[in-house]
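Worksheet: the structure to be examined is printed underneath.
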Amino acid sequence: MTAQNDVTSVVPSPRRSAELSKVYQEGVAAGIVGAATIAIWFLILDAINGRPLYTPTILGTALFRRGAGLASPETLPVSLDMVLMFTWVHGLVFAMVGGAASRLLAFAERNPNIGFGILFLFVVCEFGFLAAAMMFAEPVLHALAWPAILIANLLAAAAMGGYFWLRHPNLRIRP
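Note that this note's numbering has the sequence shown beginning at 247, numbered continuously upward.
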């Protein structure tokens, strides 16, 4: 058995580790802002339609019960269990998306030339999500209006963008 003398290990400095931790904390916070924006939007729409918590019940049913009961969604009773489970998963997904966005913004701060590419990636993902929902979640789109979903996603993106704008006032994007 021989020892390898040319192998080095990279140990992140405490400063770099603290910076990375701050980036992800910022991303989680932005994700929670985005998830809360969507939740509030649909709570308002559901309340106007006379069925508070209807949307998270539909989405929770689609996710956790594989759509059982969505054949006639108007008869589906509001389920606090579905609302809480869906809200938890929704918040986690948005926290991950916010973390990824924060990481990309930190990268764009160091290299402004890739900022436009990151912005373009966001637009593709936004409309890719809607296209995937149309293809794979047709029963959900019958129960919920797709324009409301699109508006909710745009509101969440604007809220998260506003949060990041406040946290990164000197960020410049060059094409």
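Note that CB positions come from ideal geometry on N, CA and C, so glycine has one too.
What did DSSP end up calling residue i once you bin it into helix, strand or coil?
i       : result
Arg-241 : Beyond the ends of the chain as shown, which are 247 and 421, falls residue 241; an answer cannot be given.
Pro-298 : coil
Arg-262 : helix
Val-274 : helix
Asn-357 : coil
Pro-323 : coil
Arg-349 : helix
Ala-317 : coil
Leu-390 : coil
Evaluate residue i with the Cβ neighbour count: other Cβ atoms within 10 Å of its Cβ, from every protein chain shown; 16 or more gives buried, anything less gives exposed.
i       : result
Thr-301 : buried
Gly-374 : exposed
Met-328 : buried
Using a Cβ-Cβ cut-off of 8 angstroms (strictly less than) and excluding sequence neighbours within five positions of residue i, which residues of its own chain qualify?
i       : result
Ser-318 : none
Tell me which residues share the same chain as residue i and place their Cβ nearer than 6 angstroms to its Cβ, disregarding the 5 neighbours each side in the sequence.
i       : result
Phe-340 : Gly-277, Gly-280 and Ala-281
Pro-298 : Asp-292
Identify, in the order they occur along the chain, each residue of the same chain with its Cβ nearer than 7 angstroms to the Cβ of residue i, setting aside the five sequence neighbours on each side.
i       : result
Leu-365 : Ile-419
Leu-390 : Thr-301 and Ile-304
Ala-394 : Leu-291
Quick check: the region 326-333 against the region 295-314, are there 3 or more CB pairs under 8 angstroms?
Verdict: yes, contact present.
Check whether the region 265-276 touches the region 401-412, counting contact only when three or more Cβ pairs, one atom from each stretch, lie closer than 8 angstroms.
At 8 angstroms Cβ cutoff, the stretches touch.
Decide yes or no for the touch test of the region 347-366 against the region 286-302: beta carbon pairs closer than 8 angstroms, at least 3 of them.
With the cut-off at 8 angstroms, the region 347-366 and the region 286-302 do not touch.
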